[in-house]
Amino acid sequence: MNKQELIKDIAERGEFTKADAEAALKAVQGAIAAVLVNGDKITLPGFGTFKVVETAARTGRNPQTGEPVEIPAKRKIKFNPTQALKDLVL
72 MNKQELIKDI AERGEFTKAD AEAALKAVQG AIAAVLVNGD KITLPGFGTF KVVETAARTG
132 RNPQTGEPVE IPAKRKIKFN PTQALKDLVL
């Protein structure tokens with residue numbers, strides 16, 4: 072499903088216009104992004120939790136040469152679905 076298909080689905084399920092559905096989607100995306108930029112987590116009951124996690128620096132290997140390569144620490148976005156969502160999907 073792409074963004075336009077999602078907007079259409081939201082509009083149909085919520086009986087909104089496509090413009091209203093797109094505005095709502097943009098608002099939700101912006102709100103989630105703002106929370107994550109601040110380093111906080113956001114929990115959506117019945118859906119899951121988005122949070123930023125720090126990965127430690129580590130030593131990896133170049134797959135072509137086998138030489139050790141230092142991989143720097145970085146931040147990642149992690150999503151943990153609720154059990155209800157897992158049960159629905161899996």
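The numbering of the sequence shown is this note's numbering, which starts it at 72 and goes up by one. Ideal Cβ positions, reconstructed from N, Cα and C, are used throughout, including at glycine. The model shown is predicted, which means the values in this text are computed figures rather than measured ones.
Original post:
Which one of 78, 158, 75 and 139 has the shortest CA to CA distance from residue 117?
Top reply: Taking the first residue of the sequence shown as 1, we reach residue 117 at position 46. Among 78, 158, 75 and 139, the Cα nearest to that of residue 117 belongs to 158.
Subject >> For residue 97 and residue 161, the rounded distance between their alpha carbons >> reply: Here residue 161 refers to the residue found at position 90 when the sequence shown is read from its first residue. Here residue 97 refers to the residue found at position 26 when the sequence shown is read from its first residue. Distance between the alpha carbons of residue 161 and residue 97: 28 Å.
Original post:
Do you know whose CA, among 145, 122 and 86, lies nearest residue 103's CA?
Top reply: Position 32 of the sequence shown, counted from the start, is the residue given in the question as residue 103. The shortest Cα separation from residue 103 among 145, 122 and 86 belongs to 122.
Original post:
Alpha carbon to alpha carbon, how far is residue 72 from residue 79?
Top reply: In the sequence shown, residue 72 corresponds to position 1, counting from 1. In the sequence shown, residue 79 corresponds to position 8, counting from 1. Rounded to whole angstroms, residue 72 to residue 79 spans 10 Å at the Cα level.
Original post:
Quick one, are the C-beta atoms of residue 139 and residue 130 less than 9 Å apart?
Top reply: Here the question's residue 139 lines up with position 68 in the sequence shown. Here the question's residue 130 lines up with position 59 in the sequence shown. Yes, the pair counts as a contact, with Cβ atoms nearer than the cut-off.
Subject >> Counterpart residues of residue 115 in DSSP-defined beta bridges >> reply: One-based indexing of the sequence shown puts residue 115 at position 44. Note: residue 115 sits in a beta bridge opposite 119.
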